[in-house]
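K.L.:
Have a look at this one.
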C-alpha cells in the first residue's frame, strides 16, 4: 500500500501572480504583520550563524524559558555551541570534548546541556556558566543524548549498541544498560512521559519499557534511519530514511503516513501546531511541506553542503538547519513577519525601508542574494530606490 | 536567497542585523547577562543562603587562589617543566604560555620517547600534574 506522496509543485494555476514556488500562506493569518508580508510576497532571508569550523551534525532547541529559548549545535570540531534561539546570537561554547560531537541536547529550561562525542564520552554541562559538570565514559562513540523531563536522568546511545540510563544525581554509579540493538544506535529518546524509550539503529525502530527495561515493539525500516524526532503532543515519531519522511505512532510504532522528498533526506521536523514539516538532506535544499496534504509549499537553497539536521523552534516561528558547510541557518516559518531579527516591511514605507535594507544587510549576505542581479532588482540597493511594482 | 522562488521582483525579507558570532577571545557565557545573574552557579549563591560575610570570604579566597595560580604560570615561563600525563606518559619541556582558558600549554623542546619537538601544544586535560623548580 503506497504511502501518500508529496505532490510535486503544481504548474501555475490561472492566477499568474503566483509563480510555481511562491510561498502559499495559511488561510488564517492571525497577525497584521503576517498579512502585510503575504501581500508583499516576501523572499526568505535566512540568518546564518557562523562560528563552527566543521560540519554541524545535530541541533536541539530548549523549551521556552523566562529568558527566551535556546539552541545547541553539535559539531565535528568538538566544540558544541549554545545560542539564543530566536536570534541565533552566540552565547557560549562548551569546551572539553576531544573528538567530534555527534549529538547535543538541552534540558527543558536550558540550564543543562548534554553532548555525545566520538571521544567515547557523553558530557553534562551547566548551560548557564558553560562548565563541564559530568563526564560519562562509554566503550565506543556516543551518538545520542536525551534528558528526562525532570532533568534527573540521561539516556545515551551509540556505536556500542547499548542504551544507557544515568542517574544524574549519582553520576559515579553504574548506569542501567539496555541491550538488544544489533547495530549502532543513531538516536535514543524518552517518550510517553519518560515511561518509554524510542531508539533507532540502521535498520530498526524499537520501543522499550523503562521500568522493565525490555523491548515492547520493534519494526524494520527500509533503509538506514537518518533522524528521529519525538513529538509528545499526539505521540508522533518523525523518522527519515532514504528519501522518505515517515510519521509513526510513538506508542505502537505503526506508520501513520509518509512523504517522499526529491532527494535523500537527513532530517525532518514537525511544526508544533502540526501544520508543516521541514526537511533537508543531500541536495543542500530545505523543503517545507503541508503536514496534512503532503504538498510541497516552499523550498530554499542556501546551504553549501548537505543538511544534517533541521528543527522547528518551540514556538514554531522559525526553524534551524545545520549543514556540512559548518553553518547553522535560521529560517522564518512565515516569511517577512516581524520576529527575532526579521522585520516586516509595510508596503507604503517600501522606499524608506528598502533604502535601509542596504545598510542592514552587510557584505556576507550579498553573496546569498547574488541571483538578485536582474535589472529590476538593482534599484533595491541604489541610493534612490524606486517603488517596485 | 530562497533560490527556488523564481521571479526577481520578490523583495527579500529584511533583517535588522545578523546573528552575533563567537567573540574569538573567550568561551562566552557572559556573567553579566541577566540569565547568568539569576541562575548563577551554586557555589556562589546570590540568593542569600550564605550570609554576606561568608560570601565575601569565599570570593576573596577564590581571588587569592586564582592570582596565585596565574603568578605560578608566569614563574614557569622559560623553565623546564616535568609533566605527568595519562597513559603513563612523562615528558618535559620549556614552558612558553598558556591560553586564556587554561586548555592548552604552549611548550618548546618537548622531550618525548620519540624525540624532541621544537614547538608543541599540550592539551591540559591530558595532564595529571606538573612540577618545576624555582
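Chains as they are written, first to last, in our numbering: chain A, 972 to 1360; chain B, -6 to 127.
Ideal placement from N, C-alpha and C gives every residue a C-beta, glycine not left out.
At which residue ranges does the stretch 1231 to 1298 of chain A contain complete beta strand (DSSP E) runs of 3 or more residues, listed in the order of the chain?
P.N.:
Runs found: 1236 to 1241, 1247 to 1252, 1257 to 1261, 1267 to 1271, 1278 to 1283 and 1289 to 1294.
K.L.:
Output needed in chain order: residues of the stretch 52 to 67 of chain B with a Cβ under 9 Å from some Cβ in chain A.
P.N.:
Going along the stretch 52 to 67 of chain B in chain order, one finds no residue with a Cβ nearer than 9 Å to chain A.
K.L.:
Residues of chain B with a CB under 8 Å from the CB of residue 1020/A: which are they?
P.N.:
Near residue 1020/A (Cβ distances below 8 Å), the residues of chain B are 12 and 14.
K.L.:
Alpha carbon to alpha carbon, what distance is there between residue 1106/A and residue 1015/A?
P.N.:
Cα-Cα distance, rounded: 41 Å.
K.L.:
Can you check whether the CB of residue 1224/A is closer than 7 Å to the CB of residue 1178/A?
P.N.:
Cβ atoms of residue 1178/A and residue 1224/A: closer than 7 Å.
K.L.:
Report the neighbours of residue 1281/A on chain B: residues whose CB is nearer than 9 Å to its CB, in chain order.
P.N.:
Those do not exist, as residue 1281/A stays about 16 Å from chain B at its closest Cβ, beyond 9 Å.
K.L.:
At a Cβ cut of 8 Å, what residues of the stretch 104 to 119 of chain B count as close to chain A, listed as they run along the chain?
P.N.:
Of all residues in the stretch 104 to 119 of chain B, 116 and 118 have a Cβ within less than 8 Å of some Cβ in chain A.
K.L.:
Run through chain A and tell me which residues come within less than 9 Å of residue 46/B, C-beta to C-beta.
P.N.:
Neighbours of residue 46/B on chain A: none; closest Cβ ~24 Å, over 9 Å.
K.L.:
Alpha carbons only, please: which of 1022/A, 1047/A, 1091/A and 1135/A is nearest the one belonging to residue 1185/A?
P.N.:
Looking at the Cα atoms, 1135/A is the closest of the given residues.
K.L.:
Within 10 Å of its beta-carbon, does residue 69/B have 16 or more other beta-carbons around it, so buried, or fewer, so exposed?
P.N.:
Answer is buried; the Cβ neighbour count reaches 16.
K.L.:
Let me confirm a value: residue 1247/A is counted as buried when at least 16 other C-beta atoms fall within 10 Å, else exposed. Which label applies?
P.N.:
Under this definition residue 1247/A is a buried residue.
K.L.:
Helix, strand or coil, according to DSSP, for residue 1140/A in the structure here?
P.N.:
Three-state result, residue 1140/A: coil.
K.L.:
With 16 other CB atoms within 10 Å as the buried threshold, where does residue 1194/A fall?
P.N.:
Exposed, since its Cβ has fewer than 16 Cβ neighbours within 10 Å.
K.L.:
Answer yes or no: do residue 1206/A and residue 1222/A have a C-beta to C-beta separation smaller than 7 Å?
P.N.:
For residue 1206/A and residue 1222/A, yes; Cβs fall inside 7 Å.
K.L.:
Can you confirm whether residue 1194/A, when its beta carbon is compared against all beta carbons of chain B, has any partner nearer than 7 Å?
P.N.:
Cβ-Cβ to chain B under 7 Å: no for residue 1194/A.
K.L.:
In angstroms with no decimal places, state the Cα-to-Cα distance between residue 73/B and residue 1170/A.
P.N.:
Between residue 73/B and residue 1170/A, the C-alpha separation is close to 52 Å.
K.L.:
Roughly how many whole angstroms lie between the Cα atoms of residue 1269/A and residue 1257/A?
P.N.:
Their Cα atoms are separated by approximately 8 Å.
K.L.:
Three or more beta-carbon pairs under 8 Å between the stretch 1097 to 1106 of chain A and the stretch 45 to 54 of chain B, yes or no?
P.N.:
No, the stretch 1097 to 1106 of chain A is not in contact with the stretch 45 to 54 of chain B.
K.L.:
The beta strand (DSSP E) spanning residue 1099/A covers which residue range?
P.N.:
Counting along the chain, residue 1099/A falls outside any beta strand (DSSP E), and DSSP gives it neither H nor E.
K.L.:
Please classify residue 105/B as buried or exposed, where buried requires at least 16 other C-beta atoms within 10 Å of its C-beta.
P.N.:
Its Cβ having fewer than 16 others within 10 Å, residue 105/B is exposed.
K.L.:
Going by the CB atoms, is the gap between residue 9/B and residue 1018/A shorter than 7 Å?
P.N.:
No. Outside cutoff.
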